[in-house]
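**Q**
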Amino acid sequence: MALVLDNGDNRPPDWQDFIGIVCLLFINATVSYIEETNAGEAADALMQALAPKSKVLRDGIYAETDASILVPGDIITIRLGDIIPADARLLEGDPLLVDQSSLTGESVAVTKRPGEAVYSGSICKQGEIEALVIATGIHTFFGKAAHLVDTTHHTAMPTVLSVTMAVGAHSLAKQGAIVKRMTAIEEMAGMDILCSDKTGTLTLNRLTVDRAIIELTSATADKDMLILTASHASRIENQDPIDLAICSMLPSIQDARKGIKEVHFLPFNPTDKRTAMTYITSDGNMHRATKGAPEQILALAANRQAIETKVHEIINKYAEHGLRSLGVAYQEVPEQKKDSPGGPWEMLGLLPLFDPPRHDTCDTVHRALELGVSVKMITGDQLAIAKETGRRLGMGTNMYPSTALFSKDKDGHGDLGIAGMDPHDLIEQADGFAGEI
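Residue numbers (the UniProt record's numbering): 1 to 437.
Given below as C-alpha cells:
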C-alpha cells in the first residue's frame, strides 16, 4: 500500500515506510504466535494434569485406568473424592452425596440413590457405590453443553491482530489468566451484555452463617452457645461446606473440640438428614449435639408443640430471602453410654446459611453498568437465592426460572416466555435466570 500511494507523480517508492510496515506486521504476527502457542501449551499441560482416572471392572477384575477409554456398559466404582468420569447410573448400594457445582453452580452436595443418574465432572463427597456407564465424551451431559458452545456461529471475524492485544494477553498471563484466543480481548470491547455465573464468580462459593439474623428457640441459649453447639456436631477434618461455614464462626477451628472429648460422631445420611456427636465435657458429664434439616431437628425436640409455629415462621422468612435453614439441638446423656437414647432434646435455634458475594463484585458490577454493559446472572441455584444475591449486588431482582424461556402457547406449541412474551424480549428485560443446568 505504501509503494502504491507514494509512487504517484513520478516519485520513487518510499522504501523506508514499506520496510517499516512489513517489520511491524512481522513482529505482530511473531508475538501473537508465541503468546498463543504458550497459552495453548499451558492449557494442554493443565488438562493433562487434571485428566481423571477411574476404577473399572474388566475381565472380572477392577483396575485403575484413564477415564478417556471408558465405554458405555462399563461398570465403575465411585468413592469419596472421585471425579465422576462419565455419565452413569448408580447400581445397588448406599446413597452418594455428589457435588454438582460444575454443572449447576449449587455449592451444597445433593443425594443420589441407586437407580439415579450421576453426571461427568461431578465430585463424590460421601459414600461408595458401583455404577453403570451410560454415556462418555461428547455424549455426556457436560460434553453436549461444551459442544453447543464450540459449535456457535460467530457473527463477525476480526480483521487485525494488534501488538496491543498481544501485550495485553501477556499481562493477563502474568496474573494467572490464560488467553487462548487473543481476539477475545477485542470482542470484549464490543460487549453490551455480560452473562455471569453466580457461584464462585459473583459469590465466594463458600457458605457463610449470617450471624445478624440468627434466631433462637430456647430461652436458655444465646447466639454463641448456638454456634458452639453446632460446631460440636460438625467435623473438623474433611469438612463439607456447612461444617466449614459453622466452624469459621469460631476464633479457631480447634475451639469446636476445646474442653470436650469426642465419643461418637454420627455422619450425615439421607434418612436422618442430620449429623450428631456424643461427647464428654471436662466435668465428666456426657452430652449430645446435633444439627441438620430444621424439620428433622424439630421432630426430636421435647418442646415441639410450643415452638413449632415459630420455627416454621423463621424457615419461611429465611426462604423468602434465599437463605438456607439449619436447626441445632442439644441433649444430656445421663446414662453415660454412647448408644443410650439420652434425655429430652432441646432445640436451641436456627442458623441462616448464605453464599456471600465476593468483596469486589458489587464495585465491578456497578463499573460495568456505568460503561453501558448490562450484567445478567445465570445460576443453578433456587430463584429466591438468585434474587437475594441480585439485591445485595445491586443487579436487580427481576429474575425468572429458566423454564420461563420455554413455555408453550395456548395451542401447546411454539416457544413463548412468561405472559406470552417473546423469549428474546424476556432475556433483554430480565436481570437473570435461576435453575439452570
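Every residue gets a Cβ at the ideal spot worked out from N, C-alpha and C, and that includes glycine. Quantities reported herein were computed from a predicted structural model and do not represent experimental measurements.
1) Helix, strand or coil for Pro-423, going by three-state DSSP, please let me know.
2) Specify whether the region 196-213 and the region 110-122 touch according to this definition: at least 3 beta carbon pairs, one from each stretch, less than 8 Å apart.
3) Any chance you could list the beta strand (DSSP E) runs of at least 3 consecutive residues sitting entirely within the region 356-386, in chain order?
4) Who are the near neighbours of Arg-89 in its chain, counting only those whose CB is closer than 6 Å to its CB and skipping five residues on each side?
5) Tell me where the alpha helix (DSSP H) around Ile-242 begins and ends.
6) Contact check, Met-277 vs Ala-233 under 8 Å by CB: the rounded distance?
7) Mapping the DSSP letters down to three states, classify residue 467 as helix, strand or coil.
8) Name the one or two DSSP bridge partners that Tyr-119 has.
9) Measuring straight from C-alpha to C-alpha, what distance separates Gly-372 and Ser-32?
10) Okay, do the region 216-235 and the region 340-354 touch, 3+ Cβ pairs below 8 Å being the bar?
11) Shortest alpha-carbon distance to Ala-95 belongs to which of Phe-142, Ile-129, Leu-70?
12) Kindly examine the ligand MG and report whether one of its heavy atoms sits closer than 7 Å to the Cβ of Ala-404.
13) Under 8 Å, do residue 445 and Leu-326 count as touching if we go by C-beta distance?
14) Roughly how many angstroms separate the alpha carbons of Ser-120 and Ala-63, rounded to a whole number?
15) Touching or not, the region 302-310 and the region 259-272, by the rule of three or more beta carbon pairs under 8 Å?
16) What's the gap between the Cα of Arg-324 and the Cα of Lys-55?
17) Considering only C-alpha positions, which residue in the set Pro-294, Ile-280, Cys-362 is nearest to Arg-288?
18) Name, in chain order, the residues that DSSP records as bridge partners for Lys-291.
19) Cα separation between Leu-353 and Ile-315?
20) Note the first and the last residue of the continuous alpha helix (DSSP H) segment covering His-312.
21) Does His-424 come within less than 8 Å of chain B when only Cβ atoms are used?
22) Per DSSP, His-264 is paired with what?
23) Please specify which runs of the beta strand (DSSP E), each continuous and at least 3 residues long, are wholly inside the UniProt domain "P-type ATPase A" (51-149), giving them in chain order.
24) Which residue from Asp-74, Glu-92, Pro-357 puts its Cα closest to that of Thr-136?
25) Judging by CA-CA distance, which residue of Ile-69, Asn-38, Gly-60 is the nearest neighbour of Pro-52?
26) Considering only DSSP beta bridges, list what Phe-433 is partnered with.
**A** Here's the rundown:
1) Helix at Pro-423.
2) No: the two stretches stay apart, fewer than three of their Cβ pairs being nearer than 8 Å.
3) Fully contained in the region 356-386 are the following beta strand (DSSP E) runs of length 3 or more, in chain order: 374-378.
4) Sequence-distant Cβ neighbours of Arg-89 in its own chain, meaning closer than 6 Å and more than five residues away, are Ala-117, Leu-132, Ile-134.
5) Counting along the chain, Ile-242 sits inside the alpha helix (DSSP H) bounded by residues 241-247.
6) About 5 Å separates the two Cβ atoms, so the contact holds.
7) Here the chain covers residues 1 to 437 and nothing more, so residue 467 does not appear.
8) In the DSSP assignment, Tyr-119 forms no beta bridge with any residue.
9) Cα to Cα, the separation comes out at about 30 Å.
10) In short, these stretches touch, since the Cβ pair count reaches three.
11) With the sequence shown as reference, residue 95 is identified as Pro, and Ala is not the correct amino acid for it. Cα-wise, what sits closest to Pro-95 is Ile-129.
12) Here there are no bound small molecules, and the ligand MG is not part of this structure.
13) No information on residue 445 is available, as it lies outside the stretch 1 to 437 that the chain covers here.
14) For Ser-120 and Ala-63, the gap between their C-alpha atoms comes out near 19 Å.
15) Output reads no: the region 259-272 does not touch the region 302-310.
16) Roughly 36 Å between the two C-alpha positions.
17) Measuring from the Cα of Arg-288, the nearest candidate turns out to be Ile-280.
18) Note: Lys-291 sits in a beta bridge opposite Thr-275, Val-328.
19) Cα to Cα, the separation comes out at about 11 Å.
20) His-312 -> alpha helix (DSSP H) spans 304-320.
21) In summary, chain B is missing from the structure at hand, where a single protein chain is found.
22) In the DSSP output, where bridge partners are listed per residue, His-264 has Thr-278.
23) Secondary structure in the UniProt domain "P-type ATPase A" (51-149): the beta strand (DSSP E) runs of 3 residues or longer, each lying completely within the stretch, are 53-58, 61-66, 75-78, 87-93, 96-99, 110-112, 123-126, 129-135 in chain order.
24) Closest option to Thr-136, judged by alpha-carbon separation, among Asp-74, Glu-92, Pro-357: Asp-74.
25) When the alpha-carbon of Pro-52 is set against those of Ile-69, Asn-38, Gly-60, the nearest one is in Ile-69.
26) BP columns for Phe-433 point to Ile-378, Tyr-400.
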